[in-house]
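Counting along the sequence shown from 1, when you hit position 128 you're at 127 in numbering that gives the first Met the number 0, and nothing is skipped either side.
Report on the structure given below.
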Amino acid sequence: MKHLTDPEGRRLPIKIDTASNGEFVPIPLSAANRMGNRLAYEAGAMNAKRLGMGRRDFLVSARGAATVLLAFNAANSAAGKPGGFFELEPQSALDPRLAQVRLGDKGEFIFDVQGHFVDPSGAWVKSAPPDSFKWSPKTGCGLASKPGARSYLNCLGPEEFVKDVFLD
């Protein structure tokens, strides 16, 4: 199978990284998570080679997902982080049936959707810096031409949010 979005196999199958919708600067990735990503890349390459598979083909398999989760177990343990862990046997990184049983046969569908908007007339505006959210690419919409010093906030408000999510 040709993987058009990542032919070189540089993406991990489970993304543990910082992200932002542009509303705020993302929190930097912790040292343990940076280590987890590094260990996952290394283990992914090693396991693919051990199995005689291309890196991308390995990473998109259940074994690839197990490899990433096991790498994060190791990184968080090394960092002394308390809390949960991914319950996987080390063999699940190499055994396709075991990886599938642990990760793929649960019949689960995960659909994660998040949406955020600001209240352009909220009390927060009184104490906010004058250019709050002015950096956002969305502030140039048609609603920014409404009267008022911060009319650009209308582009980040509920009307524009509903349009973006349900109509565009």
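Ideal Cβ positions, reconstructed from N, Cα and C, are used throughout, including at glycine.
Please read these numbers as outputs of a predicted model, since none were measured by experiment.
{"Asked": "Are there three or more Cβ pairs, one per stretch, closer than 8 angstroms when the stretch 76-91 is compared with the stretch 40-59?", "Found": "no"}
{"Asked": "For residue 155, does the count of other Cβ atoms within 10 angstroms reach 16, so buried, or fall short, so exposed?", "Found": "buried"}
{"Asked": "Return the chain-ordered ranges of every alpha helix (DSSP H) run that is complete within the stretch 18-87 and spans a minimum of 4 residues.", "Found": "30-50, 54-58 and 61-77"}
{"Asked": "Thinking residue 58 and residue 11 are a contact (beta carbons under 8 angstroms), I'd like their distance in whole angstroms, please.", "Found": "7 angstroms"}
{"Asked": "Helix, strand or coil, according to DSSP, for residue 132 in the structure here?", "Found": "coil"}
{"Asked": "Report buried or exposed for residue 107, applying the criterion of at least 16 other Cβ atoms within 10 angstroms of its Cβ.", "Found": "exposed"}
{"Asked": "Do residue 143 and residue 135 have their CB atoms nearer than 8 angstroms?", "Found": "no"}
{"Asked": "Which residues in the same chain as residue 140 place their Cβ atom closer than 7 angstroms to its Cβ, once the five residues preceding and following it in sequence are excluded?", "Found": "154 and 159"}
{"Asked": "With distances taken Cα to Cα, identify the nearest neighbour of residue 26 among 4, 65, 32 and 17.", "Found": "17"}
{"Asked": "Using the Cα positions of residue 109 and residue 13, report the straight-line distance between them to the nearest angstrom.", "Found": "13 angstroms"}
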